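Chemist: Protein chains in written order, with this note's numbering: chain A, 67 to 282; chain B, 167 to 574.
Backbone N, C-alpha and C define an ideal beta-carbon position, used for all residues, glycine too.
Please read these numbers as outputs of a predicted model, since none were measured by experiment.
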């Protein structure tokens with residue numbers, strides 16, 4: 067315990083919420099996948115006039131959402147989002163959750179089925195401290211708010227900026243913006259982002275959107 | 167039991183002794199126009215209320231009972247101290263529907279047999295029971311009567327309508343039919359329509375009643391014995407659909423009623439405990455329920471279909487700004503989670519406020535009556551929040567009104 071281990075970003079970080087808020091137009095219809103206690107959606111509704119919908123697995127979080135007037139549906143992202151109709155939302159948010167689902171590719175595809183745009187925040191496992199930790203101490207990284215070891219961590223997948231780009235390409239997902247988050251701040255034109263960013267913020271759209279509009 | 171009544175003291179956390187009240191609405195010339203096209207009235211309505219209506223009249227909750235329920239939701243009736251109301255664990259002071267805070271209303275449904283006009287009531291034009299001359303009733307007709315009762319009680323907008331099973335169907339119909347009258351809808355173990363399997367069980371139940379020689383085309387009120395075997399059989403079949411394989415297994419297993427070994431006797435109709443239980447359920451049901459009412463209400467349930475009536479569930483419910491809360495139960499095979507999810511999907515499509523949970527229970531369809539704790543956890547914040555929203559809307563309206571006056 068003597069050595070301080072590197073901590074992954076707190077999923078509850080207000081900084082992420084602020085960044086998400088900036089990227090969501092007023093009056094949008096927003097679905098938050100893994101909405102937790104509905105804090106972000108409440109803000110979007112009250113401050114941005116958004117029409118909101120939460121999806122959450124944990125029942126006790128759902129009770130909190132209902133108390134906030136944030137509608138929430140109990141659903142396991144790994145069981146699919148078939149209940150949510152196509153194009154039902156302007157924006158789907160998935161914050162610090164993609165690495166925790168069993169089938170990230172399927173979840174990403176579903177997000178862009180149910181909404182025009184997807185906002186995804188993922189931890190960057192290629193951050194230099196993690197690289198150093200793995201290289202020198204030979205230990206897996208552990209998060210501060212989820213202090214799990216490798217055998218009981220909810221983080222099932224380890225991806226980097228380069229990995230995410232590759233998946234986006236495979237799924238024909240267009241990366242509209244890729245914003246590295248460094249030291250808790252968004253840094254659009256960062257130097258060596260795949261080494262320095264602790265998290266990555268993606269704005270995604272369907273890759274075929276442009277193709278279909280040109281062919282039409 | 168009535169003799170013990172003087173000594174009976176209701177639980178401290180219950181609403182205590184309550185009485186059913188009566189009102190007659192839809193008197194000529196204001197008869198109710200039924201969905202079948204028939205004009206019908208007057209209609210007696212049996213109802214109970216608990217708690218106090220707030221001066222702002224913003225704390226009224228209507229409870230819709232299921233197929234064979236009645237207006238007696240909570241507390242005790244004097245002289246009937248064996249059993250409290252059917253949702254006594256959920257409705258009362260400090261309970262899920264907290265009668266210290268809310269004004270709770272429940273009424274017996276149209277065509278029922280516990281105080282509201284139904285086939286066993288006297289037809290004023292003939293002086294005899296309606297029997298099968300009673301008009302065909304739909305869920306919509308039931309809701310129209312309840313809605314009129316709510317108005318009669320001076321409530322313009324209900325804080326919530328809540329119901330399970332056929333009661334959940336009523337809550338949905340209410341949101342579709344009178345969208346401005348409800349601020350929240352709680353729909354438990356229900357669906358936008360009964361499945362073909364559900365209809366099939368109702369068909370068997372009605373068949374059992376029709377083929378009982380005591381049925382006599384529904385004209386049995388003057389006879390010594392009505393279709394009691396048919397009605398009991400209908401209940402036995404239906405009762406199985408309210409349980410789950412696990413709950414029956416847990417409760418009875420393969421245990422025998424009176425012996426530890428088989429009798430190898432064909433005359434022995436019920437050897438297994440589960441058989442005795444179902445017979446008992448059938449027998450008790452006949453004592454409290456009218457066969458013609460059973461026919462009316464199962465038909466109403468079969469006919470209910472939001473899609474059929476409005477084109478789609480989305481269209482049916484998109485005029486409602488209510489906060490929808492839906493719950494299904496894992497072991498319910500009469501109204502499945504898939505059916506609730508169909509509603510959720512359509513509500514999302516219609517951009518309504520919808521919350522949904524599938525609750526884990528082994529108790530089958532009856533779970534909505536029995537799993538009180540998770541229900542409380544869902545309903546309490548919903549009611550609290552919805553009431554705040556009603557207050558905010560009222561304040562906004564009065565601000566607009568006074569603003570308007572200044573402009574004028």
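1) Leaving out the 5 sequence neighbours to the left and right, which residues in its chain are closer than 6 Å to residue 289/B when beta-carbon positions are compared?
2) Measure the alpha-carbon distance for residue 302/B versus residue 381/B and round it to whole angstroms.
3) CA-CA distance, residue 534/B and residue 354/B?
4) Could you check if residue 557/B is buried or exposed, using at least 16 other CB atoms within 10 Å of its CB as the buried criterion?
5) Report the residue from 274/A, 255/A, 120/A whose alpha carbon sits nearest the alpha carbon of residue 267/A.
6) For residue 151/A, go through chain B and note every residue whose CB falls closer than 7 Å to its CB, in chain order.
7) Is residue 194/A helix, strand or coil by DSSP?
8) Can you tell me whether residue 184/B is helix, strand or coil according to DSSP?
9) Please determine if the segment 495-510 of chain B and the segment 252-262 of chain B are in contact, where contact requires at least 3 C-beta pairs separated by less than 8 Å.
10) Helix or strand or just coil, what does DSSP make of residue 280/B?
11) Between the Cα of residue 352/B and the Cα atoms of 364/B, 360/B, 362/B, 339/B, which residue gives the shortest distance?
12) Please give me, in chain order, every unbroken run of the alpha helix (DSSP H) with length at least 4 that falls completely inside the segment 379-442 of chain B.
13) Apart from the five residues on each side of it in sequence, which residues of its chain come closer than 6 Å, Cβ to Cβ, to residue 192/A?
14) Thinking just about the alpha-carbon of each residue, which of 342/B, 249/B, 358/B, 406/B is nearest to the one in residue 368/B?
15) Could you pull out every residue in the same chain whose Cβ sits closer than 7 Å to the Cβ of residue 306/B, ignoring the five residues on either side in sequence?
16) Show which residues of chain B have a CB atom less than 9 Å away from the CB atom of residue 145/A.
17) Classify residue 249/B: buried if its beta carbon has 16 or more other beta carbons within 10 angstroms, exposed otherwise.
18) Less than 8 Å between CB atoms is the rule here; does residue 523/B satisfy it with respect to chain A?
19) Does the Cβ-Cβ distance between residue 321/B and residue 219/B come in under 8 Å?
20) Near residue 137/A, which residues of its chain fall below 6 Å by C-beta distance, leaving aside the five closest residues on each side in sequence?
21) Starting from residue 311/B, trace the alpha helix (DSSP H) both ways and give me its first and last residue.
22) Contact check, residue 116/A vs residue 93/A under 8 Å by CB: the rounded distance?
23) Should residue 174/A be labelled buried (16 or more other beta-carbon atoms within 10 Å of its own) or exposed?
24) Could you tell me which residues DSSP puts in a beta bridge with residue 95/A?
25) Measure the beta-carbon distance from residue 212/B to residue 274/B and round it to whole angstroms, keeping in mind my assumption that it falls under 8 Å.
26) At the level of alpha carbons, what is the spacing between residue 182/B and residue 241/B?
27) Using a Cβ cut-off of 8 Å (strictly closer), state whether residue 556/B contacts chain A.
28) Extract the residue ranges of the beta strand (DSSP E) inside the segment 432-501 of chain B, only unbroken runs of 3 or more that lie entirely within it.
29) Counting C-beta neighbours from all protein chains within 10 Å, is the total for residue 129/A 16 or more, i.e. buried, or is it exposed?
30) Beta strand (DSSP E) containing residue 210/B: first to last residue?
31) Chain A partners of residue 520/B, CB-CB under 8 Å?
32) Looking at C-alpha atoms only, which residue of 480/B, 402/B, 294/B, 563/B is the closest neighbour of residue 440/B?
33) For chain B, find out if any of its Cβ atoms is closer than 8 Å to the Cβ of residue 154/A; answer yes or no.
34) Jot down the residue ranges of each uninterrupted beta strand (DSSP E) in the segment 128-208 of chain A, minimum 3 residues, whole runs only, in chain order.
35) Would you call the CB atoms of residue 551/B and residue 273/A closer than 8 Å?
36) Interface residues of chain A around residue 543/B at Cβ under 7 Å?
Modeler: Looking at the coordinates:
1) Against the second chain, residue 289/B aligns to sequence position 123. Close CB contacts of residue 289/B within its chain, under the 6 Å cut and outside five residues either way in sequence, are with 296 (chain order).
2) Within the second chain, numbered from 1, the residue matching residue 302/B stands at position 136. Within the second chain, numbered from 1, the residue matching residue 381/B stands at position 215. In a straight line, the C-alpha of residue 302/B is about 18 Å away from that of residue 381/B.
3) Here residue 534/B is taken as the residue at index 368 of the second chain, counted from 1. Here residue 354/B is taken as the residue at index 188 of the second chain, counted from 1. For residue 534/B and residue 354/B, the distance between alpha carbons rounds to 6 Å.
4) As a first step, residue 557/B must be located in the second chain, where it is residue number 391. With fewer than 16 Cβ atoms within 10 Å of its Cβ, residue 557/B is classed as exposed.
5) Counting from one through the first chain, the residue named residue 267/A turns up at place 201. Ranking 274/A, 255/A, 120/A by Cα distance to residue 267/A puts 255/A first.
6) Here residue 151/A refers to the residue found at position 85 when the first chain is read from its first residue. Within chain B, the residues near residue 151/A are 511, 514, 515.
7) Here residue 194/A is taken as the residue at index 128 of the first chain, counted from 1. Correct three-state label for residue 194/A: helix.
8) As a position in the second chain, residue 184/B is number 18, starting the count at 1. Correct three-state label for residue 184/B: coil.
9) no
10) As a first step, residue 280/B must be located in the second chain, where it is residue number 114. Coil.
11) Within the second chain, residue 352/B is the residue found at index 186, counting from 1. Considering only alpha carbons, the answer is 339/B.
12) 394-408, 411-417
13) As a position in the first chain, residue 192/A is number 126, starting the count at 1. Same-chain partners within the cutoff: 226, 260.
14) As a working mapping, residue 368/B is identified with position 202 in the second chain. Closest option to residue 368/B, Cα to Cα, is 406/B.
15) On the second chain, position 140 is the one that residue 306/B refers to. Cβ within range, chain order: 201, 339, 343.
16) Stepping through the first chain from its first residue, residue 145/A is reached at position 79. Within 9 Å Cβ-Cβ: nothing; residue 145/A doesn't reach chain B, min ~11 Å.
17) Along the second chain, read from residue 1 onward, the residue named residue 249/B stands at position 83. Counting Cβ neighbours within 10 Å, residue 249/B comes out exposed, since fewer than 16 surround it.
18) One-based indexing of the second chain puts residue 523/B at position 357. By this cut-off, residue 523/B is an interface position.
19) Translated into the one-based positions of the second chain, residue 321/B becomes position 155. Translated into the one-based positions of the second chain, residue 219/B becomes position 53. Their beta carbons are under 8 Å apart, which means residue 321/B touches residue 219/B by this criterion.
20) Counting from one through the first chain, the residue named residue 137/A turns up at place 71. Apart from the 5 residues on each side of it in sequence, residue 137/A sits with its Cβ closer than 6 Å to the Cβ of 119 in its chain, given in chain order.
21) As a position in the second chain, residue 311/B is number 145, starting the count at 1. Counting along the chain, the alpha helix (DSSP H) containing residue 311/B begins and ends at 305-318.
22) Counting from 1 along the first chain, the entry for residue 116/A is found at position 50. Counting from 1 along the first chain, the entry for residue 93/A is found at position 27. Right, the Cβ-Cβ distance comes to about 6 Å (below 8 Å), so this counts as a contact.
23) Locating residue 174/A in the first chain gives position 108, where the first residue counts as 1. Buried.
24) Residue numbering aside, residue 95/A sits at position 29 when the first chain is read from its first letter. Note: residue 95/A sits in a beta bridge opposite 117/A.
25) Your numbering for residue 212/B matches position 46 in the second chain. Your numbering for residue 274/B matches position 108 in the second chain. Right, the Cβ-Cβ distance comes to about 4 Å (below 8 Å), so this counts as a contact.
26) Within the second chain, numbered from 1, the residue matching residue 182/B stands at position 16. Within the second chain, numbered from 1, the residue matching residue 241/B stands at position 75. In this model, residue 182/B and residue 241/B are separated by some 5 Å (Cα to Cα).
27) If you number the second chain from 1, residue 556/B lands on position 390. No, residue 556/B lies away from the interface with chain A (no Cβ there is under 8 Å from its Cβ).
28) Listed in chain order, the complete beta strand (DSSP E) runs (minimum 3 residues) inside the segment 432-501 of chain B are 489-495.
29) Stepping through the first chain from its first residue, residue 129/A is reached at position 63. By the 10 Å Cβ count, residue 129/A comes out buried.
30) As a working mapping, residue 210/B is identified with position 44 in the second chain. From DSSP, the beta strand (DSSP E) with residue 210/B extends over 209-216.
31) Taking the second chain and counting its residues from 1, the one referred to as residue 520/B is at position 354. By Cβ distance, chain A contributes 119, 137, 139.
32) On the second chain, position 274 is the one that residue 440/B refers to. Nearest C-alpha to residue 440/B: 402/B.
33) Taking the first residue of the first chain as 1, we reach residue 154/A at position 88. Proximity of residue 154/A to chain B, defined by a Cβ-Cβ separation below 8 Å, is satisfied.
34) For the segment 128-208 of chain A, the full-length beta strand (DSSP E) segments reaching 3 residues or more read 138-140, 155-161, 181-189 along the chain.
35) Here residue 551/B corresponds to residue number 385 of the second chain, with the count starting at 1. Here residue 273/A corresponds to residue number 207 of the first chain, with the count starting at 1. No, they are not a contact pair.
36) Position 377 of the second chain, counted from the first residue, corresponds to residue 543/B. Residues of chain A passing the Cβ test: 129.
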